[in-house]
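To start, the structure under review is shown below, and the notes come after it.
Number of protein chains: 2
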Amino acid sequence: MDKAYIKDIYRHPEKYADKEIQVEGWIRTLRASKAFGFIELNDGTFFKNLQVVFEENLENFKEVSKFGISTALIVKGKLVLTPGSKQAFEIKATSIEVEGHADKEYPLQKKRHSFEFLRSIAHLRPRSNTFSAVFRIRSLAAFAIHEFFQKRGFVYVHTPIITGSDCEGAGEMFRVTTLDLNNVPKNEEGKIDTTKDFFGKETNLTVSGQLQGEAYALAFRNIYTFGPTFRAENSNTARHAAEFWMIEPEIAFADLADNMELAEDMIKYIINYVLENAPEEMEFFSKFIDKGLLERLNNIVSSDFEKITYTKAIEILKSAKKEFEFPVEWGCDLQTEHERYITEEVYKKPVFVTDYPKDIKAFYMRMNDDNKTVAAMDLLVPGVGEIIGGSQREERLDVLESRIEEMGLHKDDYWWYLELRKYGGTRHAGFGLGFERVIMYLTGISNIRDVVSFPRTVKTAEF
Amino acid sequence: MDKAYIKDIYRHPEKYADKEIQVEGWIRTLRASKAFGFIELNDGTFFKNLQVVFEENLENFKEVSKFGISTALIVKGKLVLTPGSKQAFEIKATSIEVEGHADKEYPLQKKRHSFEFLRSIAHLRPRSNTFSAVFRIRSLAAFAIHEFFQKRGFVYVHTPIITGSDCEGAGEMFRVTTLDLNNVPKNEEGKIDTTKDFFGKETNLTVSGQLQGEAYALAFRNIYTFGPTFRAENSNTARHAAEFWMIEPEIAFADLADNMELAEDMIKYIINYVLENAPEEMEFFSKFIDKGLLERLNNIVSSDFEKITYTKAIEILKSAKKEFEFPVEWGCDLQTEHERYITEEVYKKPVFVTDYPKDIKAFYMRMNDDNKTVAAMDLLVPGVGEIIGGSQREERLDVLESRIEEMGLHKDDYWWYLELRKYGGTRHAGFGLGFERVIMYLTGISNIRDVVSFPRTVKTAEF
């Protein structure tokens, strides 16, 4: 008797037709009459369930009829094709064994639950339709990203999570320490004696691997990072988590145009990959979570992304016949409402906005000849707003040094980063893609807490 | 004129033969006479360099002749096949432009440097032969692991890095906090007021994603994690880092035998993948870093891994005609010297050791019928010792609860982990693979600091 995964049965039912097989899985639903019963069995390999039919002649018919949702079973029987009926095949059970009972208090009964409630049972929610779909998409999208870069010869770099410098400058950081907080050692000046800490200095959780990524791009030409990053910001919104994963490619001998091309290719690759590899899940999202999702994604795959400058974006926004909560002036940062207006209402497709004012962007972005703007790019997509932020990096040592000073930072903190410009520096560029934003975008799920296995947000670090 | 990557030229020289092409890269070596010169150019896409020949008729011949190591160049010229000579092809330059000068102080000059020195320039060392090879292998091995699991339908899970529980029990942890260490808030009892911390409780960096991985295996059947983990242990050895990456697969409806099969298949897959995709790097390691490496790896791919019990291992060690530093008795933990003796001298191939005494293993490992041993497995490999540790997990709620109590742990801390046994628990098993150990194993590099981009160890968190 062959063991079979439910996914394989769905993909190639003809291979199993009329054969005795064994499947293992968990009960999603069960209904039974006096003479027969039906089980929707899910084995985790596939979004859909396999229908199991059992009849009175089954040795343990009565026992089986009373099994609770989520009971783990080993089912043996014949796979029968049933063309014309609701499902294309079912298994006629000759034996149903219990692998693990499920208590009747099992909280994921058939009725619909709110996402809020499901977050409180994050250890069980991947067993629901919605979350099994979310986390399979998350897995596939992660692989799509690796495959995209590896096929192009990019080197995957694990940049450090614990950082000894606070000079990444992208936000509030978490401190990492082994000091006894009950009794923090102080030095002669009365300050924290960080020499007693594990690393002999103050350390924090990284907010970005970009600076280290640049060092590797100047060795391997094309690299990417894919790892967790952290923000200790007190933002309790549907879009912010304290811990999230980020992808940061960095390319040498490349400028902003190359960077945009890479970003566009990557986004399309990810979308195509999940559409091809998880059509059932994507259809589910488009039907039950975000109507029109498939249409929107298909539209993106087939359109050329628009490219406009920040200055042009400001013109568009100022002449818009729309009231914005935040007024717009050249020099201001774009808010989500502005970004969504441009991508959803004006262009109706993804839009790169480039060449932002230098004062609202980071020190490492390359200064344009106008001395007012930098070679930055943000990618805005319908339904989300900004999904990618990137730039060409400042490769001119003197310009970079004066930018660091201008921003009140300290050159010494960047000694190795500056050395990259001294020893064969090249044009180079890169961007950051928030992985959770991608998953929200692919699934239509609107709260970041629902695309992270066990989310970490302000006041929440359960499980 | 076509731009070409040096990798593509090496893989398909015929495609570029006699064509005008453009390559971009960094000078690895340069020697010039009055009439002509040679540059070994590396563009980061490939382990080997491309030979560039330039002659007196080059406009900037004199300038080029004086370029320092690591100068970034844009070279145009014709690719000429040179069968019979030392290299199979070279490019005859018609134009050499500087993309970025390299200061003459560039520390990676041609002479050999110690690995210790190279660690102090971790931002530049990937430009050396050894480290370009190490970090390309690291990238390829990471992808091999993803591909191995994804091909089998495993779901990739990002388990949390910041953990609110200290119940993983695998070692000393780093604390994560936003409290002001100069002024730690205290509660009425004079204890640290963790309610004021970012997450409203004490949080640490994870030492393992296994417990969360189990929750996902009981939804998706087959899952894996691949992420950073942390140990705040004060071990200043060549094998320990405070931050390292780990792979933790977990499989449901599966026992220890399935677990060993998976581990063996995975190890072979990774080795085959790097041998196929980086033959130049692997040859380099076998020649210059660890003589006999290729032979050892090829041997592993073609052998069936041995399986012995811990009890048998103890017998072998006790009857060994060898003095061990640590004496051996049933009940003791195996030391690296014991592990290496078994795998290198007795079996001369990888060996799974199973069924360890319960007292030296974790609470979650499944109790065997003898009530003395647990269904654990360690994989020992020649040259390294333990590379994988895993087990079948205790799926019986009552047994698990009494093991938790026996070990002096608190049931309440594990409420959700215990619930996994209440609601359709199944046989399940999994293992952990330290990614850095794999890279050391694949490359023959003997210090973990040399397989991590920017290593974090006791008193070291530079860059």
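In order, the protein sequence lines correspond to chains Z and L.
So the first sequence is numbered by my numbering: it starts at 12 and just counts up by one.
So the second sequence is numbered by my numbering: it starts at 12 and just counts up by one.
Virtual Cβ for every residue (Gly too), placed ideally from N, Cα, C.
Cβ pair residue i, residue j closer than 8 angstroms
{"i": "T409/L", "j": "V145/L", "result": "Reading off the sequence shown, one finds Asp at residue 409/L, where the question assumed Thr. Cβ distance not < 8 angstroms, so D409/L and V145/L don't count as in contact."}
{"i": "I353/L", "j": "V362/L", "result": "yes"}
{"i": "V168/L", "j": "N233/L", "result": "no"}
{"i": "V285/L", "j": "A155/L", "result": "yes"}
{"i": "I282/Z", "j": "L273/Z", "result": "no"}
{"i": "T217/Z", "j": "P171/Z", "result": "yes"}
{"i": "P31/L", "j": "K87/L", "result": "It is Glu, not Pro, that sits at residue 31/L in the sequence shown. Yes, Cβ-Cβ distance for E31/L and K87/L is below 8 angstroms."}
{"i": "F316/Z", "j": "E275/Z", "result": "yes"}
{"i": "I85/Z", "j": "E108/Z", "result": "yes"}
{"i": "D13/Z", "j": "L90/Z", "result": "no"}
{"i": "R149/L", "j": "L119/L", "result": "no"}
{"i": "F295/L", "j": "N140/L", "result": "yes"}
{"i": "A253/Z", "j": "R467/Z", "result": "yes"}
{"i": "F553/Z", "j": "M277/Z", "result": "Here chain Z covers residues 12 to 474 and nothing more, so residue 553/Z does not appear."}
Close beta carbons around residue i, own chain, < 7 angstroms, minus the five adjacent residues each side
{"i": "E183/Z", "result": "R242, A243, E244"}
{"i": "D54/Z", "result": "Y16, I17, V34, E35, G36"}
{"i": "F57/L", "result": "I17, K18, Y21"}
{"i": "N215/Z", "result": "T174, D177, M184, F185, R186, V187"}
{"i": "K329/Z", "result": "V339"}
{"i": "Q98/Z", "result": "Q62"}
{"i": "I327/Z", "result": "I353, V357"}
{"i": "Y481/Z", "result": "It is not possible to answer for residue 481/Z, since the shown part of chain Z is limited to 12 through 474."}
{"i": "K369/Z", "result": "M378, K383, T384, V385"}
{"i": "F47/Z", "result": "V64, F65, E66, E67"}
Short CB-CB distance (under 8 angstroms) between residue i and chain Z
{"i": "S76/L", "result": "no"}
{"i": "Y227/L", "result": "yes"}
{"i": "P137/L", "result": "yes"}
{"i": "N193/L", "result": "yes"}
{"i": "G175/L", "result": "yes"}
{"i": "L410/L", "result": "Note on identity: in this sequence residue 410/L is Val, with Leu being the wrong assignment. No, because no Cβ of chain Z sits closer than 8 angstroms to the Cβ of V410/L."}
{"i": "Q161/L", "result": "yes"}
{"i": "G48/L", "result": "no"}
{"i": "V63/L", "result": "no"}
{"i": "H124/L", "result": "no"}
Supposed contact pair residue j and residue i - C-beta distance, whole angstroms, cut 8 angstroms
{"i": "G441/L", "j": "N270/L", "result": "7 angstroms"}
{"i": "K360/Z", "j": "N309/Z", "result": "With 8 angstroms as the limit, K360/Z and N309/Z do not qualify as a contact, their Cβ atoms being about 12 angstroms apart."}
{"i": "A113/L", "j": "G224/Z", "result": "No, A113/L and G224/Z are not in contact; Cβ-Cβ is about 20 angstroms, not under 8 angstroms."}
Same chain, Cβ closer than 6 angstroms to residue i, neighbours up to 5 away in sequence not counted
{"i": "T188/Z", "result": "D208"}
{"i": "G111/Z", "result": "A83"}
{"i": "Q221/Z", "result": "E259"}
{"i": "R351/Z", "result": "G396"}
{"i": "S106/Z", "result": "K87"}
Residue i at chain L interface by Cβ criterion, 8 angstroms
{"i": "K323/Z", "result": "no"}
{"i": "P338/Z", "result": "no"}
{"i": "D114/Z", "result": "yes"}
{"i": "T214/Z", "result": "yes"}
{"i": "H134/Z", "result": "yes"}
{"i": "S219/Z", "result": "no"}
{"i": "V187/Z", "result": "yes"}
{"i": "T347/Z", "result": "no"}
{"i": "E406/Z", "result": "yes"}
{"i": "L444/Z", "result": "no"}
{"i": "T56/Z", "result": "yes"}
Distance cut-off 7 angstroms: residue i Cβ against heavy atoms of the ligand GTP
{"i": "K197/L", "result": "No copy of the ligand GTP appears in this structure; indeed no ligand is present at all."}
Cut-off 8 angstroms between Cβ atoms - residues of its own chain near residue i, not counting five sequence neighbours on either side
{"i": "T322/Z", "result": "W341, D366, T384"}
{"i": "F337/Z", "result": "C343, Q346, E348, H349"}
{"i": "F474/L", "result": "A133, H134, F465"}
{"i": "M257/Z", "result": "S219, G220, T236, F237, G238, P239, T240, G443, L444, G445, F446"}
{"i": "L411/L", "result": "F374, Y375, E405, L429, R432"}
{"i": "L69/L", "result": "V75, A104, T105, S106, I107"}
- Query: Does the region 422-438 of chain Z come close enough to the region 209-218 of chain Z to have 3 or more Cβ pairs within less than 8 angstroms?
  - Reply: no
- Stretch-stretch touch, CB-based, cutoff 8 angstroms, three pairs: the region 384-402 of chain Z with the region 432-450 of chain Z: Below 8 angstroms, enough C-beta pairs join the region 384-402 of chain Z and the region 432-450 of chain Z to call them touching: three or more.
- Cβ pair count under 8 angstroms reaching 3, the region 91-110 of chain L against the region 58-74 of chain L: yes
- Query: Using 8 angstroms as the threshold, is the region 414-422 of chain Z in touch with the region 244-254 of chain Z, meaning 3 or more CB pairs across them?
  - Reply: no
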